Every structure is written in structure tokens, then in C-alpha cells.
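K.L.:
To start, I am sharing the structure in question, which I have written as C-alpha cells.
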Amino acid sequence: MTESRDTRPDPEPGTAPELADLRGAAHDRAMLAEARVVLAGRLGVPPGEALQHLIWLARDLDLDLGEAAALVVGVRGGESPVSAWDLTGAEAPAPSPVERAGAHLTNAEQAETPAAREILRQVTAVDTGGDADIIAALPADQVARAVLDGSSDSAAHLVPVRDDGGRVVDFLYAELNETARDLFGRGAAELTGLRLLRTDPGTALTGLFAAYTEVLETGRPYGREPFVFSTAQEGLARTSRMSARCVAVPTGVCVTWHYYHEEDRVRRRLERVERLAQIGFGEWDLVTGEAEWTPQMAANYLQDPSNKPPESDDLSKLVTDEDVPLVEEAFQTLFSRREPVEVEHRVTTPDGKRRNLWVFIEPVLGESGLPVSINVVSQDITRRRGVEQALAETRRQMLRQQARTAQERRVAVTLRRAILPDDREVEPLPGLGIEVRSLAAESAARIGGDWFATRALSDGRGLFAIGDAAGHGLQAAAAMARTRNGFLGLAYTGRPPGRLVAWLNELVGDLNAATGTCVVAHYDSSRRVLQWACAGHPPPILVRDGQAAQLSIDPDPLLGAVPGYDYATFTTRLLPGDLIFLYTDGLVERREADIDAQIERLTQILQDCADGPEPVLDQVLDRMEHDRAADDTTMFALRVH
Numbered sequence: 067m068t069e070s071r072d073t074r075p076d077p078e079p080g081t082a083p084e085l086a087d088l089r090g091a092a093h094d095r096a097m098l099a100e101a102r103v104v105l106a107g108r109l110g111v112p113p114g115e116a117l118q119h120l121i122w123l124a125r126d127l128d129l130d131l132g133e134a135a136a137l138v139v140g141v142r143g144g145e146s147p148v149s150a151w152d153l154t155g156a157e158a159p160a161p162s163p164v165e166r167a168g169a170h171l172t173n174a175e176q177a178e179t180p181a182a183r184e185i186l187r188q189v190t191a192v193d194t195g196g197d198a199d200i201i202a203a204l205p206a207d208q209v210a211r212a213v214l215d216g217s218s219d220s221a222a223h224l225v226p227v228r229d230d231g232g233r234v235v236d237f238l239y240a241e242l243n244e245t246a247r248d249l250f251g252r253g254a255a256e257l258t259g260l261r262l263l264r265t266d267p268g269t270a271l272t273g274l275f276a277a278y279t280e281v282l283e284t285g286r287p288y289g290r291e292p293f294v295f296s297t298a299q300e301g302l303a304r305t306s307r308m309s310a311r312c313v314a315v316p317t318g319v320c321v322t323w324h325y326y327h328e329e330d331r332v333r334r335r336l337e338r339v340e341r342l343a344q345i346g347f348g349e350w351d352l353v354t355g356e357a358e359w360t361p362q363m364a365a366n367y368l369q370d371p372s373n374k375p376p377e378s379d380d381l382s383k384l385v386t387d388e389d390v391p392l393v394e395e396a397f398q399t400l401f402s403r404r405e406p407v408e409v410e411h412r413v414t415t416p417d418g419k420r421r422n423l424w425v426f427i428e429p430v431l432g433e434s435g436l437p438v439s440i441n442v443v444s445q446d447i448t449r450r451r452g453v454e455q456a457l458a459e460t461r462r463q464m465l466r467q468q469a470r471t472a473q474e475r476r477v478a479v480t481l482r483r484a485i486l487p488d489d490r491e492v493e494p495l496p497g498l499g500i501e502v503r504s505l506a507a508e509s510a511a512r513i514g515g516d517w518f519a520t521r522a523l524s525d526g527r528g529l530f531a532i533g534d535a536a537g538h539g540l541q542a543a544a545a546m547a548r549t550r551n552g553f554l555g556l557a558y559t560g561r562p563p564g565r566l567v568a569w570l571n572e573l574v575g576d577l578n579a580a581t582g583t584c585v586v587a588h589y590d591s592s593r594r595v596l597q598w599a600c601a602g603h604p605p606p607i608l609v610r611d612g613q614a615a616q617l618s619i620d621p622d623p624l625l626g627a628v629p630g631y632d633y634a635t636f637t638t639r640l641l642p643g644d645l646i647f648l649y650t651d652g653l654v655e656r657r658e659a660d661i662d663a664q665i666e667r668l669t670q671i672l673q674d675c676a677d678g679p680e681p682v683l684d685q686v687l688d689r690m691e692h693d694r695a696a697d698d699t700t701m702f703a704l705r706v707h
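Listed below in C-alpha cells is the structure:
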């Protein structure tokens with residue numbers, strides 16, 4: 067026995083993550099979570115949708131997601147005065163007087179601007195003790211009643227409150243219809259009998275109060291199209307687009323108003339849908355010649371949204387030259403058959419890239435049955451087509467790789483069969499009974515370099531060997547063939563196993579073949595002496611008198627790993643009935659399983675079944691739960707006569 071040598075390298079210790087990195091990651095996650103909440107509240111959308119908007123914002127602005135989140139959170143904290151309109155990409159409405167007076171403040175702070183404070187001071191200082199008497203003395207006003215009943219929007223009957231000089235200083239809510247709601251959600255039950263400026267000081271800041279007073283005094287109706295209206299109540303500010311109408315009635319004025327909460331929400335959602343899905347809409351009026359495109363429609367066709375959209379006949383001029391016939395044919399079909407058409411075409415960007423657009427065009431027919439307008443929807447599907455092309459190319463590459471792998475497996479299996487003898491045709495050895503199993507991996511990628519050999523030498527000794535060339539596939543099979551053929555040539559020298567393995571080590575190195583392992587042995591039946599050498603291979607297992615144990619040695623290095631290495635020859639005396647078991651690592655290696663534990667399990671199985679009537683190798687394969695797909699497996703069982 068040679069002195070034990072431990073050539074296994076010490077495992078490298080894992081590197082713990084830096085504390086600063088952990089803190090940074092936690093900070094980024096917290097920042098992202100806070101940005102989702104801030105953006106969800108600002109846009110009035112669920113947190114999940116807010117995250118999607120944040121991702122698109124980061125992409126639009128060419129920022130990392132963490133940088134975009136920090137910007138959103140910073141906006142809330144007053145570091146960057148960006149409005150919700152800016153974040154959604156919508157056109158920002160004109161600022162109201164309240165916004166102009168406190169544009170640098172948050173909504174809650176706007177109620178405390180000097181202009182707002184002065185109005186609140188004035189209206190809160192007024193004595194309202196006589197308001198109930200004014201309402202009680204109010205005669206029936208059928209005109210006001212008719213206005214309230216006939217309005218589907220919010221409507222209120224306002225009566226003037228005058229000072230000692232007869233000047234109108236405020237209005238009282240005499241009556242409101244059932245649908246009336248102010249910006250704070252208050253209706254008839256909360257507002258009836260209260261003063262207008264006290265409950266809605268924004269009417270003074272936006273000029274509505276002065277307009278109502280003028281209607282009262284002149285009798286001329288007043289109307290104002292949608293504008294941005296802001297007001298405040300108890301330190302809380304609210305803003306919305308609204309339209310207002312005011313008419314004179316015998317006892318005062320009637321005001322109708324409409325807030326565009328829902329319309330603005332729908333508009334913002336449509337804009338987000340167009341932007342996220344890259345869907346644009348356009349309409350051509352064939353009677354007037356007018357055209358209207360949404361901003362996303364213009365973006366899809368690389369047009370300036372501030373310019374007049376092209377006419378329907380000019381759409382083909384915007385597409386690539388190769389696709390012009392497709393668009394022209396689509397319009398011919400639309401006008402001749404008067405039915406919707408679909409077409410996919412490309413446009414060329416200024417940097418020379420192609421953008422794929424899917425277009426759906428629908429004619430709108432008049433009473434004569436002829437088209438009077440055309441609706442068109444376009445969607446940028448460049449990314450989808452890119453993904454489809456990448457998937458198609460990936461599939462082609464996979465098919466080519468499968469074909470190559472199948473061809474390599476056929477060659478590897480053919481080479482293996484040509485080199486290795488059949489299990490039933492193993493050359494017998496003097497004084498030994500031999501049982502062999504050599505199983506190729508079922509998976510093409512896992513066919514390895516297992517090999518074995520037996521020879522009866524001219525001096526009466528028997529030679530047997532088992533080995534494994536490193537790797538898998540055709541390369542490993544070729545390395546196996548070179549290693550085994552080289553070994554058989556060396557075997558006829560009759561030299562001790564250690565010398566044969568040393569020569570084989572040099573041969574493997576000179577051929578630049580893959581490294582490998584092996585066990586080479588001579589058996590002298592006249593003396594029942596086994597001489598053997600081991601190069602990085604699992605040592606044989608000896609079963610004697612119902613006990614099984616691995617022969618204890620320190621295996622020498624792999625073949626081809628250390629040039630000029632002097633391999634040791636070990637001597638083991640055998641007794642009649644002894645069983646020598648040799649195997650390759652495919653029998654014991656398992657994913658996520660300790661190989662030493664697997665060898666112990668194999669040793670126990672051999673101890674249990676070595677003296678049984680059934681073939682040993684079949685029992686070992688069954689009880690070791692051998693996986694044919696994982697690796698090649700070769701086993702030798704030699705019984706001493």
C-alpha cells in the first residue's frame with residue numbers, strides 16, 4: 067500500500083454580500099413601494115396600474131426604475147413641481163387663479179394663499195344671522211323651479227344677500243335639485259340655506275361670483291365653457307374642469323354646472339391605453355375634407371401631432387416603398403366593396419429602422435350607401451414582430467441543434483458498439499467468473515466515455531480493466547476509443563498494472579484526449595493474487611464471507627492530469643468465493659446526493675445480495691435505482707473460483 071495522499075482542493079469560502087449593498091437594495095425596494103403609492107394616489111389608479119405607469123415613465127425618460135421612483139417620491143416632497151398631468155402625458159390645462167396664486171404649493175397649501183385667506187376672512191367675518199329670514203320671506207318662484215326640474219346637471223337657485231347700501235355681497239342657496247353636488251360632494255341637504263362664498267370661495271377667485279351678480283343686475287344670461295375651477299374648504303383644496311351657466315329668475319339667479327371628473331378620467335384612461343398599447347385613432351371626413359388624428363396615431367406614422375394630418379389618399383406616401391401596393395390595394399377594396407379592411411405595413415424611422423404597423427380601416431356609409439368618412443385604427447406591433455422573429459429564429463436554432471445532437475448520438479452509439487464487446491461476448495479469464503453490464507445513457511447529451519476490457523495473457527494471468535473518459539457526447543466517445551485501444555496495445559507487454567497506467571497516462575496526454583479514470587488489474591489464478599492500479603477511479607469493492615468493504619487506498623491522479631506520474635501497483639490476496647466488484651461513477655453519482663453515502667449504500671447492497679442465487683448486477687441496478695438517462699454505467703463482478 068502506498069502512503070495516503072489527499073489531492074482534493076479545499077472548497078472556496080463563499081463571499082458574503084456587502085452590508086452597503088443590502089442596505090441599498092432595501093432602500094430601492096422601499097423607494098419603489100412608496101412611489102407606487104404616491105403615483106396611485108396622484109393618478110387615481112390601483113397600485114398595480116401605477117407601477118406599470120412608473121415603468122413606462124422610466125422607459126420614456128431613459129431612467130432606471132429606481133431613479134424614476136426617486137423622482138416621483140421627490141415630486142411629492144416638493145423637490146420637483148411636476149403635476150399629475152405631466153406624468154400621464156396629457157396636455158396640462160390652463161392654471162386657475164388659485165393655481166396661479168400658489169403654483170408652488172400643494173393642493174392643501176393653496177387654500178392658504180393670500181388671496182384665498184382674504185376671501186375666507188371676509189366671508190367668515192360676515193354676520194349670517196338674518197339668512198334664515200331671507201329664505202323664509204322668499205316667495206314662490208315657478209321659473210326657478212322649472213330651471214331646477216329641467217336640468218340634468220347640478221343646479222341651484224341662488225338669492226342675493228345685500229349690504230346696507232344695496233350692494234350684492236353674497237348669494238344664498240335657496241334650493242338645489244337632486245343631482246346637485248359641489249366639489250366636496252355636498253348636495254341639497256348640506257348646502258340649502260348657506261352662503262355661496264362661505265361654502266365655495268373659488269367662485270370669487272375665478273370670477274363666477276361677479277358674473278352671477280351681473281346676470282342678476284342686467285338679466286343677461288351667462289355661460290362659460292369648460293375651464294379649470296379650484297376652490298377650498300376647511301384647509302382642503304379641490305380642482306376640476308367645469309362648465310357653468312347662469313340665468314336670471316324673478317327672485318335671483320339659477321346656476322347650472324357640470325364637473326368633468328368622469329370625462330377627464332375617461333380621457334386620461336384612453337390616452338394611457340393609446341400610449342401603453344401604442345394604438346392610434348384617425349378619422350377622415352370625405353365630405354368636408356377634414357381629418358383628425360390622435361397624438362398616438364401621429365406618433366405611429368412619425369408625424370408631428372401639431373401639423374395637419376395627411377389626407378386619406380396620401381397615407382401610402384408615409385409607408386415604405388415595398389408596402390405601398392398593400393396600402394393602395396386596401397383602399398381600393400374599401401371603396402369598391404365598402405367594407406372594412408386590415409393591412410400590415412411598415413414605416414421607416416429617421417435612423418433607417420423599420421416600424422411595423424397593423425391598420426384597421428372602416429368606411430362610414432351615408433344614406434346613399436357611399437362612404438362619407440373613414441375611421442382608421444393603427445397599432446405599432448414592431449415589438450411583437452421582433453419577438454416573433456426572435457422566437458422563430460430560436461426555434462430554427464433549436465431544431466438544428468436537435469438534428470446535430472441526434473446525429474452525434476447515432477455516431478457515438480455506433481462508435482461505442484464498434485469498440486466495446488457485447489456483455490455476453492466478454493473474453494473469459496482463468497480462475498474467474500465474469501459478469502459485465504455496460505449501459506449507454508439514453509439521453510443523447512449524456513452518452514459518456516465508459517469502457518472496459520479483458521484479456522487472457524500468454525503467461526496464464528488474466529487482465530481486466532474498467533475506465534471512464536471525461537465528458538459526454540461524441541467527443542467523450544472518441545476519447546474512450548483512443549484510450550481503450552491504446553491500453554490494449556500496452557497490455558501485451560505484460561508489465562505490472564502501475565507501469566501500464568503510467569504509460570496510458572502519457573498516451574492520453576500526448577493525444578490531447580480528455581482526462582479519464584481507470585482501474586487496471588492482473589489476476590494470477592495459480593496464487594490467487596490480484597495486482598491492480600487506480601487512476602482517479604473508485605477503488606474495487608471486495609465481498610468476502612458476507613462482508614463487503616471498499617479496498618482502502620489513496621487513488622492516484624486522473625489520466626492525462628499529471629505528466630510523468632509514477633502510479634502505484636497494489637497487491638490483494640483473494641480466497642475462493644470472493645467477489646470483486648468494479649464500477650463507473652454513473653452507478654453512484656446523483657444530483658444533490660453525497661457520493662460517499664451512495665458508495666456506502668452500494669457496499670451494503672453487495673453485502674446483502676452477493677451470495678444470493680440471482681445475478682448480482684441485476685440486483686444492484688434495481689436497488690440502486692439506476693437512472694439510464696443520467697450517465698453511462700459499467701459494472702464488473704468477478705467471482706474467484
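Counting in the numbering used here, the sequence shown runs from 67 upward without gaps. No residue lacks a Cβ here, since even glycine has one placed at the ideal position from N, Cα and C. Note that the structure is a prediction, hence the values are computed from the model and not measured.
Work out the CA separation of residue 324 and residue 204 for me, nearest whole Å.
P.N.:
Going by the C-alpha atoms only, they are around 27 Å apart.
K.L.:
Between residue 207 and the rest of its own chain, which residues show a CB-CB distance below 6 Å, the 5 nearest in sequence each way excluded?
P.N.:
Correct list, in chain order: 315, 316 and 317.
K.L.:
Could you check how far apart the C-beta atoms of residue 645 and residue 705 are, in whole angstroms? I think they sit under 8 Å.
P.N.:
6 Å between Cβ atoms; contact.
K.L.:
Short check: CB of residue 246 to CB of residue 268, under 8 Å?
P.N.:
It is not a contact, given that the beta carbons lie outside the stated cut-off.
K.L.:
When you compare the CB positions of residue 320 and residue 254, do they come within less than 8 Å of one another, or not?
P.N.:
Taking 8 Å as the Cβ cut-off, residue 320 and residue 254 do not qualify as a contacting pair.
K.L.:
Have a look at residue 272 and residue 202 and give me their C-alpha separation to the nearest angstrom.
P.N.:
One C-alpha to the other measures close to 30 Å.
K.L.:
Looking at C-alpha atoms only, which residue of 555, 265 and 703 is the closest neighbour of residue 300?
P.N.:
The residue with the shortest Cα to Cα distance from residue 300 is 265.
K.L.:
Select from 450, 398 and 458 the residue whose C-alpha is nearest the C-alpha of residue 429.
P.N.:
Per the Cα distances, 398.
K.L.:
Just to confirm the assignment: which complete alpha helix (DSSP H) runs, minimum length 4, are found wholly within the stretch 538 to 593?
P.N.:
If we require 4 residues or more, the alpha helix (DSSP H) runs fully inside the stretch 538 to 593 come out as 540 to 557 and 563 to 576.
K.L.:
Run through DSSP, which three-state label would residue 347 get?
P.N.:
Three-state DSSP puts residue 347 in a strand.
K.L.:
Under 8 Å, with one C-beta from each stretch per pair, do the stretch 519 to 531 and the stretch 585 to 598 reach the 3-pair mark?
P.N.:
Flag = yes, the stretch 519 to 531 and the stretch 585 to 598 touch.
K.L.:
How about the stretch 604 to 618 and the stretch 660 to 680: do they share at least three Cβ pairs that are nearer than 8 Å?
P.N.:
Taking 8 Å as the limit for Cβ pairs, the verdict is that the stretch 660 to 680 does touch the stretch 604 to 618.
K.L.:
With a Cβ-Cβ cutoff of 8 Å, do residue 681 and residue 501 count as a contact?
P.N.:
Yes, Cβ-Cβ distance for residue 681 and residue 501 is below 8 Å.
K.L.:
Is it right to say residue 217 is buried, meaning 16 or more other beta carbons lie within 10 angstroms of its own, or is it exposed?
P.N.:
It is buried - the Cβ of residue 217 has at least 16 other Cβ atoms within 10 Å.
K.L.:
Does DSSP put residue 231 in a helix, in a strand, or in coil?
P.N.:
Residue state, collapsed to three classes: coil.
K.L.:
Name, in chain order, the residues that DSSP records as bridge partners for residue 320.
P.N.:
In the DSSP output, where bridge partners are listed per residue, residue 320 has 223 and 313.
K.L.:
Please classify residue 339 as buried or exposed, where buried requires at least 16 other C-beta atoms within 10 Å of its C-beta.
P.N.:
So residue 339 counts as exposed.
K.L.:
Cutting at 6 Å between CB atoms, please list the residues of its own chain near residue 517, excluding the five before and the five after it.
P.N.:
533, 546 and 550, listed in sequence order.
K.L.:
Is residue 243 helix, strand or coil by DSSP?
P.N.:
Looking at residue 243 - three-state DSSP - the assignment turns out to be coil, as it is neither helix nor strand.
K.L.:
With burial defined as no fewer than 16 other Cβ atoms inside 10 Å of the residue's Cβ, what is the status of residue 462: buried or exposed?
P.N.:
Its Cβ having fewer than 16 others within 10 Å, residue 462 is exposed.
K.L.:
From residue 378 to residue 394, what does the alpha carbon distance come to, in whole angstroms?
P.N.:
Residue 378 and residue 394: Cα-Cα distance of roughly 10 Å.
K.L.:
Within a Cβ cutoff of 8 Å, which residues of the same chain sit near residue 655, ignoring the five residues on either side of it in sequence?
P.N.:
Cβ neighbours of residue 655 beyond the five flanking positions: 661, 664, 696 and 697.
K.L.:
Given residue 357, which residues of its chain have a CB within under 8 Å of its CB, disregarding the five upstream and five downstream residues?
P.N.:
Closer than 8 Å at the Cβ level, and outside the excluded window around residue 357, lie 348, 349, 350, 351, 374, 375, 376, 377 and 378.
K.L.:
Between which two residues does the beta strand (DSSP E) harbouring residue 410 extend?
P.N.:
Element bounds for residue 410: 407 to 414.
K.L.:
Report the rounded CA-to-CA distance for residue 565 versus residue 542, giving the unit in angstroms.
P.N.:
Answer to the nearest angstrom: the Cα atoms are 25 Å apart.
K.L.:
Measuring CA to CA, which of 391, 249, 476 and 278 is closest to residue 223?
P.N.:
Checked all of 391, 249, 476 and 278; the closest Cα to residue 223 is 278.
K.L.:
Does residue 604 pass the burial test, meaning 16 or more other C-beta atoms within 10 Å, or should it be called exposed?
P.N.:
With 16 or more other Cβ atoms within 10 Å, it is buried.
K.L.:
By how many angstroms is the C-alpha of residue 573 removed from the C-alpha of residue 562?
P.N.:
The alpha-carbon atoms of residue 562 and residue 573 are separated by roughly 17 Å.
K.L.:
Quick one: Cα of residue 194 to Cα of residue 121, how far?
P.N.:
Going by the C-alpha atoms only, they are around 53 Å apart.
K.L.:
When the Cα atoms are used, what is the spatial distance from residue 480 to residue 367?
P.N.:
Rounded to whole angstroms, residue 480 to residue 367 spans 60 Å at the Cα level.
K.L.:
Do residue 504 and residue 486 have their beta-carbon atoms positioned less than 8 Å apart in this structure?
P.N.:
Contact: yes.
K.L.:
Whose C-alpha, out of 558, 652, 629 and 492, is nearest the C-alpha of residue 507?
P.N.:
With distances taken between Cα atoms, residue 507 lies closest to 652.
K.L.:
I'd like the list of long-range same chain contacts for residue 209, defined as Cβ closer than 7 Å, with 5 residues on each side in sequence excluded.
P.N.:
Closer than 7 Å at the Cβ level, and outside the excluded window around residue 209, lie 315 and 316.
K.L.:
According to DSSP, what are the bridge partners of residue 504?
P.N.:
700.
K.L.:
Please determine, among 687, 539 and 577, the residue with the shortest C-alpha to C-alpha distance to residue 553.
P.N.:
Here the closest residue by C-alpha is 577.
K.L.:
For residue 513 and residue 631, what's the separation of their Cα atoms in angstroms?
P.N.:
For residue 513 and residue 631, the distance between alpha carbons rounds to 29 Å.
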